[in-house]
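Trainee:
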Amino acid sequence: MATISATGAALVWFRRDLRLADNPALHAAIETGRPLILVFIDQRDRALGTAPGEAADWWLHGSLASLARDITAAGGRLSLLRGDPAELIPGLAREHGIAEVFWNRSGEPGIDVRDRTIAATLQGSGTKPHAFAGTTLINPDALLTGSGTPYKVFGAFWRAALRDLAPRPSLPVPQRLPMAATLPAGAALEDWRLRPANPDWAQGFHDRWQPGEAGAAQRLERFLDDALDDYADGRDRPDKPGTSMLSPHLGFGEISPRQVWHSVQARLAAGTGFQAAERFLAEIGWREFAYYLLHHFDDLRTANFNRNFDHFSWRSDADGLAAWQAGQTGIPMVDAGVRQLWATGWMHNRVRMVCASFLVKHLRCDWRDGMAWFEHTLIDADRAVNAASWQWVAGSGADAAPYFRIFNPVRQGERFDPEGRYVQQWVPELARLPLRWIHQPWKAPAITRQTAGLKLGAGYPFPVCDLAAGRDAALAAYKDMKTVSSDTPPD
Numbered sequence: 001m002a003t004i005s006a007t008g009a010a011l012v013w014f015r016r017d018l019r020l021a022d023n024p025a026l027h028a029a030i031e032t033g034r035p036l037i038l039v040f041i042d043q044r045d046r047a048l049g050t051a052p053g054e055a056a057d058w059w060l061h062g063s064l065a066s067l068a069r070d071i072t073a074a075g076g077r078l079s080l081l082r083g084d085p086a087e088l089i090p091g092l093a094r095e096h097g098i099a100e101v102f103w104n105r106s107g108e109p110g111i112d113v114r115d116r117t118i119a120a121t122l123q124g125s126g127t128k129p130h131a132f133a134g135t136t137l138i139n140p141d142a143l144l145t146g147s148g149t150p151y152k153v154f155g156a157f158w159r160a161a162l163r164d165l166a167p168r169p170s171l172p173v174p175q176r177l178p179m180a181a182t183l184p185a186g187a188a189l190e191d192w193r194l195r196p197a198n199p200d201w202a203q204g205f206h207d208r209w210q211p212g213e214a215g216a217a218q219r220l221e222r223f224l225d226d227a228l229d230d231y232a233d234g235r236d237r238p239d240k241p242g243t244s245m246l247s248p249h250l251g252f253g254e255i256s257p258r259q260v261w262h263s264v265q266a267r268l269a270a271g272t273g274f275q276a277a278e279r280f281l282a283e284i285g286w287r288e289f290a291y292y293l294l295h296h297f298d299d300l301r302t303a304n305f306n307r308n309f310d311h312f313s314w315r316s317d318a319d320g321l322a323a324w325q326a327g328q329t330g331i332p333m334v335d336a337g338v339r340q341l342w343a344t345g346w347m348h349n350r351v352r353m354v355c356a357s358f359l360v361k362h363l364r365c366d367w368r369d370g371m372a373w374f375e376h377t378l379i380d381a382d383r384a385v386n387a388a389s390w391q392w393v394a395g396s397g398a399d400a401a402p403y404f405r406i407f408n409p410v411r412q413g414e415r416f417d418p419e420g421r422y423v424q425q426w427v428p429e430l431a432r433l434p435l436r437w438i439h440q441p442w443k444a445p446a447i448t449r450q451t452a453g454l455k456l457g458a459g460y461p462f463p464v465c466d467l468a469a470g471r472d473a474a475l476a477a478y479k480d481m482k483t484v485s486s487d488t489p490p491d
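Position 391, counted from 1, in the sequence shown is what the working numbering calls 391; the numbers after and before it change by one each time, with no gaps.
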């Protein structure tokens with residue numbers, strides 16, 4: 001066993017903070033003057049739900065490769081380990097004589113509880129643990145209503161957050177990483193086989209995404225230069241590049257919300273329109289709200305936030321769910337979104353709402369089934385944001401869209417894809433159909449479909465449900481739920 005001394009090493013435990021800039025844990029470790037040990041632990045813990053989907057695995061590979069290159073350029077080395085952090089971190093401390101361990105908190109209650117156990121173990125053996133806030137802008141415990149309870153409505157939450165929100169300046173990129181003499185051996189990234197092969201179903205990802213800190217910075221700058229001014233309107237158009245597409249970079253911590261905040265504030269100072277910037281920052285605020293809810297309500301991912309929905313009659317519709325997952329519902333806007341997700345690992349936010357609403361309202365499938373599929377297929381599978389967003393659409397969540405507000409996917413398509421370009425791109429079976437019918441091909445006259453080479457039921461499916469009937473059935477189920485829940489005494 002190595003002896004801990006004043007010159008003992010400082011271990012930095014990377015998690016979903018795969019960056020060098022504005023990394024509080026890394027910055028604090030460097031400030032100690034100790035030699036560093038830098039590790040990433042692949043923790044496939046099903047109990048904690050920390051095993052990512054295969055699309056997120058693809059991103060993780062690229063993000064770790066990028067981080068390792070950046071660390072190497074600064075004179076360091078990243079050790080890749082696999083196993084239970086509750087065993088690995090204390091074991092590393094004993095083996096390498098580590099004096100202090102640094103990490104950034106995840107923002108997820110179950111993981112943070114586990115980390116506090118690790119901290120207690122380290123303290124018991126004479127190693128100092130240090131945990132930092134690096135995932136969100138706000139301190140969730142410090143932002144409460146006048147009665148001392150958590151906010152449950154986004155608007156009130158964000159107004160309260162903005163009153164005192166003054167994020168500290170972003171921390172600089174370290175120029176040099178002084179490493180300890182002896183480092184953990186670690187694995188080769190390729191040995192983890194995070195990316196698919198034979199076949200490579202992620203071929204469509206490569207040209208669209210650049211995982212890593214440099215890719216995040218480029219994506220942010222491109223958005224600020226090209227799309228921020230028109231964001232208030234452009235964000236809803238899936239046929240145009242009007243969103244930031246920063247979600248996977250934020251999800252893996254390649255850029256911090258603080259960096260994004262300060263970059264937008266700098267553009268505001270330079271003359272960018274206030275309304276556009278305010279609307280974009282509110283989307284950052286929604287991410288903050290999702291983590292805030294998960295912090296205060298740790299069953300957000302598994303239970304209805306609104307307990308009345310425990311009485312809602314979700315349907316077990318395996319065929320409908322499978323059609324939705326495959327982009328074969330016969331509803332063009334829904335199918336376009338799911339196919340975009342399959343091809344790129346990402347789906348436009350407006351279309352996410354349309355697809356989610358169709359699943360949980362027209363088909364009445366449980367929101368947890370939709371959330372699980374998104375986390376299997378999204379490169380930006382953020383567990384807090386996914387849970388809050390799916391519950392919002394389902395009507396069961398905090399500040400939720402009322403259940404009777406049901407997106408009509410035809411009207412959504414006509415409004416936000418008015419020239420049909422988005423549907424034409426992702427549902428090429430409809431590409432020759434006149435614009436009048438592209439969002440509702442089942443209503444097109446037979447001769448029009450024939451001229452367009454469209455065979456419903458063969459080349460493209462008939463709708464899996466009648467939209468009007470599905471809406472009526474959803475509203476009836478909602479009415480029944482309200483009746484049952486009002487007759488059920490509280491626990």
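Just so it is clear, CB atoms sit at the ideal spot from N, CA and C, and this is done for glycine as well.
1. Three-state secondary structure (DSSP) at A133?
2. I need the straight-line Cα distance from H311 to I406, nearest angstrom please.
3. Using 10 angstroms around the beta-carbon of W13, count the other beta-carbons present and answer buried if the total reaches 16, otherwise exposed.
4. With distances taken Cα to Cα, identify the nearest neighbour of P140 among T121, P434, H296 and A473.
5. Could you check what DSSP says for K493 in three-state terms: helix, strand or coil?
6. Measure the beta-carbon distance from Y460 to L467 and round it to whole angstroms, keeping in mind my assumption that it falls under 8 Å.
7. In whole angstroms, give me the CA-to-CA distance for F252 and P445.
8. Curious, which full-length beta strand (DSSP E) runs of at least 3 residues does the stretch 265-312 contain?
9. Would L81 pass as a contact of G8 if the rule is Cβ separation under 8 Å?
10. Would you kindly check if the distance between the Cβ of S125 and the Cβ of R94 is under 8 Å?
11. In the DSSP output, what is F40 paired with across the bridge?
12. Is L475 helix, strand or coil by DSSP?
13. So, using beta-carbon positions, are P178 and P35 closer together than 8 Å?
14. Just checking my contact of Q259 with S389 at CB under 8 Å: how many whole Å lie between their CB atoms?
15. Using only alpha-carbon positions, find the residue among C465, D57, D417 and P174 that is nearest to W201.
16. Over what stretch of residues does the alpha helix (DSSP H) that includes V351 continue unbroken?
17. Measuring only from the beta carbon, is A142 closer than 7 Å to any heavy atom that is part of the ligand FMN?
18. So what does DSSP say about A99, is it helix, strand or coil?
19. Using only alpha-carbon positions, find the residue among G395, D417 and V410 that is nearest to M481.
20. If you drop the 5 nearest sequence neighbours on each side, which residues of the same chain put their C-beta closer than 6 Å to that of R46?
21. Given 8 Å as the limit, is there contact between the stretch 221-230 and the stretch 74-89, that is, 3 or more CB pairs closer than that?
22. Closest to R307 by C-alpha separation, out of G397, G53, A282 and R287, would be which residue?
23. According to DSSP, simplified to helix, strand and coil, what is M333?
24. So A452 and L433 are in contact, right, with Cβ under 8 Å, and what is the actual spacing, rounded?
25. Grab me the residues of D399's own chain with a C-beta within less than 6 Å of its C-beta, minus the 5 sequence neighbours each way, in chain order.
26. List the whole-angstrom C-beta distance separating A55 from T448, where the pair is believed to meet the contact cut-off of C-beta under 8 Å.
27. Excluding five sequence neighbours on each side, which residues of the same chain lie with their C-beta closer than 7 Å to the C-beta of A120?
Mentor: Let's see:
1. Along the sequence shown, one-based indexing puts residue 133 at 133. In this structure, A133 counts as coil in the three-state DSSP scheme.
2. Stepping through the sequence shown from its first residue, residue 311 is reached at position 311. Stepping through the sequence shown from its first residue, residue 406 is reached at position 406. In this structure, the straight-line span from the alpha carbon of H311 to that of I406 is close to 19 Å.
3. Walking along the sequence shown from the start, residue 13 turns up at place 13. Buried, because 16 or more other Cβ atoms sit within 10 Å of the Cβ of W13.
4. As a first step, residue 140 is located in the sequence shown; it is residue number 140 there, counting from the start. The shortest C-alpha separation from P140 is found at H296.
5. Absent from the structure is residue 493, since the part of the chain shown begins at 1 and ends at 491.
6. Counting from one through the sequence shown, the residue named residue 460 turns up at place 460. Counting from one through the sequence shown, the residue named residue 467 turns up at place 467. Their Cβ separation, rounded to whole angstroms, is 16 Å, which puts Y460 and L467 out of contact at 8 Å.
7. By one-based count along the sequence shown, residue 252 stands at place 252. By one-based count along the sequence shown, residue 445 stands at place 445. Distance between the alpha carbons of F252 and P445 is about 48 Å.
8. none
9. The sequence position of residue 81 within the sequence shown is 81, counting from 1. The sequence position of residue 8 within the sequence shown is 8, counting from 1. Cβ distance not < 8 Å, so L81 and G8 don't count as in contact.
10. Here residue 94 refers to the residue found at position 94 of the sequence shown. Here residue 125 refers to the residue found at position 125 of the sequence shown. Taking 8 Å as the Cβ cut-off, R94 and S125 qualify as a contacting pair.
11. Counting from one through the sequence shown, the residue named residue 40 turns up at place 40. Beta-bridge pairing links F40 to F14 and L80.
12. As a first step, residue 475 must be located in the sequence shown, where it is residue number 475. Residue state for L475 is assigned as helix, using DSSP reduced to three classes.
13. Here residue 178 is taken as the residue at index 178 of the sequence shown, counted from 1. Here residue 35 is taken as the residue at index 35 of the sequence shown, counted from 1. Closer than 8 Å, so yes.
14. Taking the first residue of the sequence shown as position 1, residue 259 is located at position 259. Taking the first residue of the sequence shown as position 1, residue 389 is located at position 389. Not confirmed; about 23 Å, so no contact.
15. Within the sequence shown, the letter at position 201 stands for residue 201. That would be D57, whose Cα lies nearest to the Cα of W201.
16. Here residue 351 is taken as the residue at index 351 of the sequence shown, counted from 1. Residues N349 to S357.
17. By its list of ligands, the structure shown contains no ligand whatsoever, and the ligand FMN lies outside what it can speak to.
18. Residue mapping note: residue 99 aligns to position 99 of the sequence shown, counting from 1. In the structure shown, A99 sits in a strand (DSSP, three-state: E or B).
19. Residue 481 sits at position 481 when you count from the first residue of the sequence shown. Measuring from the Cα of M481, the nearest candidate turns out to be G395.
20. The count along the sequence shown starts at 1 and reaches residue 46 at position 46. Any reading at R46 must be qualified, since the residue scores a pLDDT of 48, below 50, and its modelled position is unreliable; the value itself is stated next. There are no such residues.
21. no
22. Here residue 307 is taken as the residue at index 307 of the sequence shown, counted from 1. Ranking G397, G53, A282 and R287 by Cα distance to R307 puts G397 first.
23. Against the sequence shown, residue 333 aligns to sequence position 333. Of the three classes helix, strand and coil, the one that applies to M333 here is helix, per DSSP.
24. Sequence index remark: in the sequence shown, residue 452 carries index 452 (1-based). Sequence index remark: in the sequence shown, residue 433 carries index 433 (1-based). Yes, A452 and L433 are in contact; Cβ-Cβ is about 4 Å, under 8 Å.
25. Here residue 399 refers to the residue found at position 399 when the sequence shown is read from its first residue. Answer for D399: V153 and F154, listed in chain order.
26. By 1-based counting over the sequence shown, the position of residue 55 is 55. By 1-based counting over the sequence shown, the position of residue 448 is 448. No, A55 and T448 are not in contact; Cβ-Cβ is about 37 Å, not under 8 Å.
27. Indexing the sequence shown from 1 puts residue 120 at position 120. So no residue of the chain qualifies.
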